[in-house]
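**Q** Numbering (the UniProt record's numbering), first residue to last: 1 to 239.
All residues carry an ideal CB built from backbone N, CA and C; glycine is no exception.
Keep in mind the model is a prediction, meaning the values are calculated, not measured.
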């Protein structure tokens with residue numbers, strides 16, 4: 001059974017409600033990124049995993065991540081800053097240690113070429129088409145009754161080649177005034193935030209700092225690392 005990972009903000013005290021009111025009046029959103037590694041990773045940035053407008057936040061906001069995945073493929077190329085990944089084809093839901101073959105007709109089959117061993121911490125893909133594809137993993141972030149699979153990494157995979165994609169469970173959250181949407185490739189965001197790893201803790205209780213709107217851990221809970229405004233998202237979540 002997969003572990004559920006959670007990120008929680010509590011805006012129920014009067015001081016925290018004042019911060020939330022400011023975030024709402026200024027049209028801030030909570031923006032999330034999730035790290036991964038693999039060959040041929042795009043250099044333009046990292047797909048935005050999720051965005052939560054603070055106008056949709058009331059009291060306590062809990063975001064739940066269950067580490068199950070769908071592989072996606074798209075013919076979009078090149079992928080530039082601001083490109084919104086269009087998952088043209090998606091695999092069945094899978095856990096780690098599994099592999100797929102993607103065929104020219106858009107079909108998916110479990111398994112990869114003979115002799116291929118998928119690492120236990122990765123998801124494998126064989127590109128059985130005649131063209132280079134942009135591929136990656138998507139994962140669900142459950143909040144406000146939404147639980148859709150959205151892309152969080154992207155790689156270039158030539159025809160008749162194999163890739164192993166490894167989620168590293170590193171997360172970066174920022175509070176930003178932004179038009180970024182899920183799947184939007186970003187290299188940096190001019191806003192403060194925090195990073196942390198679900199390999200260190202399955203739960204993070206988070207606070208938003210008044211004035212700067214930076215993100216920190218709640219007192220006596222699992223610590224997070226501050227992220228400066230304008231930091232490279234790739235370096236934060238994929239290093």
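With DSSP as the reference, please indicate the residues paired to residue 308 in a beta bridge.
**A** Residue 308 lies beyond the stretch modelled for the chain, which goes from 1 to 239, so this question has no answer here.
**Q** Determine the closest residue to residue 231 out of 162, 40 and 189, with distance taken between C-alpha atoms.
**A** 189
**Q** Going by the beta-carbon positions, is the gap between residue 213 and residue 168 smaller than 7 Å?
**A** no
**Q** In whole angstroms, what is the alpha-carbon distance linking residue 206 and residue 171?
**A** 13 Å
**Q** Identify the continuous beta strand (DSSP E) that holds residue 127 and give its terminal residues.
**A** 123-128
**Q** Below 7 Å between beta carbons: does that hold for residue 33 and residue 19?
**A** Contact: no.
**Q** So what does residue 28 bridge to, in DSSP terms?
**A** Answer is none; residue 28 lacks a bridge partner.
**Q** Counting beta carbon pairs with one atom in the stretch 63-79 and one in the stretch 131-145, are three or more of them shorter than 8 Å?
**A** yes
**Q** Once DSSP output is grouped into helix, strand and coil, what is the label at residue 235?
**A** helix
**Q** Which residues share a DSSP beta bridge with residue 102?
**A** 108 and 127
**Q** Hey, how far is the Cα of residue 98 from the Cα of residue 123?
**A** 5 Å
**Q** On the criterion of 16 or more Cβ atoms from any shown chain inside 10 Å, does residue 234 qualify as buried, or is it exposed?
**A** The residue in question, residue 234, is buried, as its Cβ has 16 or more Cβ neighbours within 10 Å.
**Q** Cα separation between residue 16 and residue 208?
**A** 8 Å
**Q** Could you work out which residue in 57, 196 and 78 is closest to residue 23 when comparing CA atoms only?
**A** 57
**Q** Can at least three beta-carbon pairs, one atom from the stretch 79-92 and one from the stretch 49-56, be found at a separation below 8 Å?
**A** no
**Q** Output needed for residue 164: all residues of its chain with C-beta closer than 7 Å, excluding positions within five of it in sequence on either side, in chain order.
**A** 38, 118, 119, 122 and 124
**Q** Since residue 187 and residue 44 should fall inside the 8 Å C-beta cutoff, what is the C-beta to C-beta distance between them, to a whole number of angstroms?
**A** Residue 187 to residue 44, Cβ: 6 Å. Contact.
**Q** Less than 7 Å between CB atoms is the rule here; does residue 57 satisfy it with respect to chain D?
**A** Of the protein chains in the structure, only one exists, and it is not chain D.
**Q** From the DSSP output, read off the bridge partner residues of residue 72.
**A** 90 and 136
**Q** Do residue 183 and residue 151 count as a contact pair if the criterion is CB distance below 7 Å?
**A** yes
**Q** Work out the CA separation of residue 79 and residue 64 for me, nearest whole Å.
**A** 28 Å
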